[in-house]
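Protein chains: 2
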Amino acid sequence: MSTVPVRPSRAIDRGYRERALKVIPNGMYGHLSTRRFADDYPQFLARGEGARVWDVDGREFIDLMCTFGPILLGHAHPEVDAVAAATSARGDVLNGPGPEMVELAELLVDRVAHADWAMFAKNGTDATALAVVTARAHSGHRKVLMARRSYHGIVAWALPEQSPGITAEDHANTELFEYNDLASVEAAVARAGADDVAAIVCTPHRHDVFVDQEPVDPAFARGVRAICDRIGAALVLDDVRGGLRLDVRGSWEALGVRPDLSAWSKSLANGYPLAALLGAEPWRDAAGRITATGSFWLAGAPMAAALTTIRILEETDGIALMRASGQRLQEGLRAQAAAHGLAVSVSGPPQMPLLLFADDPEFAKSLAWSGACARHGVYLHPVHNWFLSTAHDAATIDEALARTDAAFADVRDAFGAD
Amino acid sequence: MSTVPVRPSRAIDRGYRERALKVIPNGMYGHLSTRRFADDYPQFLARGEGARVWDVDGREFIDLMCTFGPILLGHAHPEVDAVAAATSARGDVLNGPGPEMVELAELLVDRVAHADWAMFAKNGTDATALAVVTARAHSGHRKVLMARRSYHGIVAWALPEQSPGITAEDHANTELFEYNDLASVEAAVARAGADDVAAIVCTPHRHDVFVDQEPVDPAFARGVRAICDRIGAALVLDDVRGGLRLDVRGSWEALGVRPDLSAWSKSLANGYPLAALLGAEPWRDAAGRITATGSFWLAGAPMAAALTTIRILEETDGIALMRASGQRLQEGLRAQAAAHGLAVSVSGPPQMPLLLFADDPEFAKSLAWSGACARHGVYLHPVHNWFLSTAHDAATIDEALARTDAAFADVRDAFGAD
Chain A
-2 MSTVPVRPSR AIDRGYRERA LKVIPNGMYG HLSTRRFADD YPQFLARGEG
48 ARVWDVDGRE FIDLMCTFGP ILLGHAHPEV DAVAAATSAR GDVLNGPGPE
98 MVELAELLVD RVAHADWAMF AKNGTDATAL AVVTARAHSG HRKVLMARRS
148 YHGIVAWALP EQSPGITAED HANTELFEYN DLASVEAAVA RAGADDVAAI
198 VCTPHRHDVF VDQEPVDPAF ARGVRAICDR IGAALVLDDV RGGLRLDVRG
248 SWEALGVRPD LSAWSKSLAN GYPLAALLGA EPWRDAAGRI TATGSFWLAG
298 APMAAALTTI RILEETDGIA LMRASGQRLQ EGLRAQAAAH GLAVSVSGPP
348 QMPLLLFADD PEFAKSLAWS GACARHGVYL HPVHNWFLST AHDAATIDEA
398 LARTDAAFAD VRDAFGAD
Chain B
-2 MSTVPVRPSR AIDRGYRERA LKVIPNGMYG HLSTRRFADD YPQFLARGEG
48 ARVWDVDGRE FIDLMCTFGP ILLGHAHPEV DAVAAATSAR GDVLNGPGPE
98 MVELAELLVD RVAHADWAMF AKNGTDATAL AVVTARAHSG HRKVLMARRS
148 YHGIVAWALP EQSPGITAED HANTELFEYN DLASVEAAVA RAGADDVAAI
198 VCTPHRHDVF VDQEPVDPAF ARGVRAICDR IGAALVLDDV RGGLRLDVRG
248 SWEALGVRPD LSAWSKSLAN GYPLAALLGA EPWRDAAGRI TATGSFWLAG
298 APMAAALTTI RILEETDGIA LMRASGQRLQ EGLRAQAAAH GLAVSVSGPP
348 QMPLLLFADD PEFAKSLAWS GACARHGVYL HPVHNWFLST AHDAATIDEA
398 LARTDAAFAD VRDAFGAD
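So the sequence lines, in the order shown, correspond to chains A and B.
Positions -2 to 415 (my numbering) are the ones given, in order, by the first sequence.
Positions -2 to 415 (my numbering) are the ones given, in order, by the second sequence.
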């Protein structure tokens, strides 16, 4: 097919996979493991530039995952990398932070509507974990309410109870509700005891793996806010996945719903490791009392990178650019699927799209289509939302669509039209 | 005094402190906060080079903290920084790891005697937390035993129960013993139930804050190993603080005691954020089943930096160099204190010294002496062990000792001789 580039051998990737199997459990772990994907995915990547990545065999891909979020301005952004390298050359991690920590805290407090203070860490998990500890220290309450199947990091209270190594005691203070179902939140409050709820934790929209993304119902967001106010619990917005990419002010600001605490990470520093807990004034004292520390948390390079990332995002109107490109992609995918006679759902904010197939309970079509995309030179995920960057311009999206079209043809050939 | 350099104004540091107070809880948090130190410490640092750091006002310090461990080869090591910058320019965090992840896992599995596999993360806390979850997944047991007052990161089960925001339920599966007291371990096993102990977690030596460091009793280490074998628990060595700096093979290898799992972080990559969980073959399957993932965990630059750091450490016989410099420092400090008529204890492995004063229950002398050291141009900690790097050569130690001598004189003038 003319749109399919000639693909080189995959011998180098296979070689590293064999070596990895000996010294890494299952050869790889976590969300970057491709062992549950179609075989067409590379496990080991060699480089990235803008909206593209190359694997160790030299295969090129248009990257619709952006490292699952961290890459906001495109891979290997020269300006961000130069600032980070200069900070490292100065001494990155010292016995105290550098001035850029104050500047970044000031910038986030200025931009994020609910925030009066900031703390920095490394993982999204650090930020959600610190949010809950802060909420408990503030109120003296113990319980945490979260939506069933939401992902809030690998902190034990937020992992599914059946996850290996997680104990019943880890969940002693966790109560589940259904996203966008306010009555289920009230029921969870009742189970927890209204006087013992420390925090209600929410993602800005429903972006659970395996299902269509779902916007938050504004009435739900307002209702959760009202419940928190009524019972003296902290409303914690887990903006690790959406923050900055959807709205610099925080992903619920457009709804007019302000959390008490918000967790940020992924895209803050265009790939450099950084997380932030932002909070409103009443929670400052509690945040100052908890034990919160990590060896690399106050490193300067990621903070300098974040200052540059946010400045460039704003100067280039990057969010509008990502929205436009995402809409172009979403509309293109819907049209292609229809043209091939395939029933799909394309969901999510344009900057974070996801495509799933109708009547695909075992995700066989998703796995086949995503594998075909990889084969044709588009890196996306079968069941987890994707991420666009500001490097994804209209021409790149059109090129990606030419490749996804070939992948739809493969799926139609293999499964037939719907 | 002739050894005291002229110190510039501190206006810039004070300015950043004032700004920080507005946007960061207490103006700073965690182990890099200086608010409980003497006023002579700067909070904000501008740069580091080799064994020295400079604050934002241009004050120079010989650095005996090495960022509390991460700096192993000296600040801003040009070769390590060049490798990291080159990796970032290639694209640091991609949709999959780069080859350096396999190379680093192979190197650690080769060097660390007990290790058959490796997983990487960002914080020391990640590594200790993953170790316990892996141990639980392996045995199906729930309880974790740790020494009272040991620090194993900010994971809730390991923090003191009185730490704000920590609940009684967080400690439901934690049992405490006394370091170097095997009978207390047996008692903790009995309280936990011998068939329900998942892990016994130990630091390689006792390096708790506020007290003299204490070597591990080899009989204690062997005894804990035997208990773990008897009850089917994992022996977890928390080598976050000592690993690499004390022994590339793991800090208990010289004793002939091999843990099942070990947690590494701090010094692995000379300041670049990295942590590692290393494990023995029988724990590989469990490690492969747990939920273990983080947005920046498989980033290439810290792994490339770690490969370079370990190579340089070995090529330069860096551990022997740090030991010799540490002995020179420890002997010099003991002689100086005696000459000033001050009773002190200098404890710890030479690479990780600590000085405390006798008869100093409120640490008034420690605070005064450490403040005087800061004033005279040596950055060390009043009550937490220090860290040396391979950049601390004999000449640097002698220069540091000239400055600490002035600090002892200040303490003798203020408190009198013992």
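Don't be surprised by glycine CBs; every beta carbon is placed ideally from N, CA and C.
Between the beta-carbon of residue 263 of chain A and the beta-carbon of residue 5 of chain A, is there less than 8 Å?
no
Whose Cβ in chain B lies nearer than 7 Å to the Cβ of residue 164 of chain A?
133, 139 and 170
Determine the burial state of residue 313 of chain A: buried for a count of at least 16 other Cβ atoms within 10 Å of its Cβ, exposed for fewer.
exposed
Contacting residues, own chain, Cβ-Cβ under 7 Å from residue 383 of chain A (five flanking each side not counted)
61, 62, 349, 350, 351 and 377
Hey, how far is the Cα of residue 148 of chain A from the Cα of residue 156 of chain A?
8 Å
Quick one: list the residues of chain B neighbouring residue 263 of chain A, beta-carbon separation under 8 Å, in chain order.
292
Using 8 Å as the threshold, is the segment 231 to 240 of chain B in touch with the segment 252 to 268 of chain B, meaning 3 or more CB pairs across them?
yes
Using 8 Å as the threshold, is the segment 70 to 83 of chain A in touch with the segment 81 to 99 of chain B, meaning 3 or more CB pairs across them?
yes
Report yes if the C-beta of residue 262 of chain B is less than 7 Å from at least one heavy atom of the ligand SAH; otherwise report no.
Inclusion of the ligand SAH in the displayed structure is not the case, the ligand content being empty and no account of it being possible.
Going by beta carbon distance, what residues of the same chain come within less than 7 Å of residue 270 of chain B, once the five residues before and after it are set aside?
119 and 299
So, at 8 Å on beta carbons, what are the nonlocal neighbours of residue 418 of chain B in its own chain, with the 5 sequence-adjacent residues on each side left out?
Here chain B comprises residues numbered -2 to 415, so residue 418 of chain B is not present and cannot be evaluated.
What separation, rounded to the nearest whole angstrom, lies between the Cα atoms of residue 108 of chain B and residue 253 of chain B?
15 Å
For residue 58 of chain A, report the span of its beta strand (DSSP E) as first-last.
57 to 60
So, using beta-carbon positions, are residue 101 of chain A and residue 303 of chain A closer together than 8 Å?
yes
Residue 155 of chain B, DSSP secondary structure in three states
helix
Does the segment 188 to 196 of chain A come close enough to the segment 130 to 146 of chain A to have 3 or more Cβ pairs within less than 8 Å?
yes
Proximal residues of chain B, C-beta to C-beta of residue 92 of chain A below 7 Å:
29, 42, 50, 60, 62, 64 and 376
Are residue 268 of chain B and residue 90 of chain A close, meaning C-beta to C-beta below 8 Å?
yes
Any idea if residue 207 of chain A is buried or exposed, counting beta-carbon neighbours within 10 angstroms, 16 or more meaning buried?
exposed
Let me see if you follow: with CB-CB separation under 8 Å, is residue 114 of chain B close to chain A or not?
yes
Touch test, the segment 365 to 372 of chain B against the segment 225 to 235 of chain B, Cβ-Cβ under 8 Å, three pairs minimum:
no
Residue range of the unbroken beta strand (DSSP E) whose run includes residue 174 of chain B
171 to 174
Assign residue 375 of chain A to one of three DSSP states: helix, strand, or coil.
strand
Under 8 Å, Cβ to Cβ, is there at least one residue of chain A near residue 57 of chain B?
no
Beta-carbon neighbours of residue 254 of chain B, restricted to chain A and to distances below 9 Å
Within 9 Å Cβ-Cβ: nothing; residue 254 of chain B doesn't reach chain A, min ~23 Å.
Secondary structure of residue 276 of chain A, DSSP reduced to three states:
strand
In whole angstroms, give me the CA-to-CA distance for residue 143 of chain A and residue 292 of chain B.
21 Å
Any beta strand (DSSP E) of 3 or more consecutive residues that is wholly inside the segment 23 to 95 of chain B
42 to 46, 49 to 52 and 57 to 60
Backbone secondary structure at residue 235 of chain B - three-state DSSP
strand
Spatial distance of residue 164 of chain A from residue 158 of chain A (CA atoms)
7 Å
Using three-state DSSP, classify residue 119 of chain B as helix, strand or coil.
coil
Candidates A:286, A:161 and A:221: which alpha carbon is nearest residue 184 of chain A's?
A:221
Taking the beta carbon of residue 95 of chain A as the centre, do at least 16 other beta carbons fall within 10 Å, making it buried, or is it exposed?
buried
Straight-line Cα distance separating residue 295 of chain B from residue 324 of chain B
37 Å
Would you say the segment 166 to 175 of chain B touches the segment 164 to 182 of chain A, given that touching needs at least three Cβ pairs under 8 Å?
yes
Per DSSP, cross-strand counterpart(s) of residue 143 of chain B
B:173 and B:198
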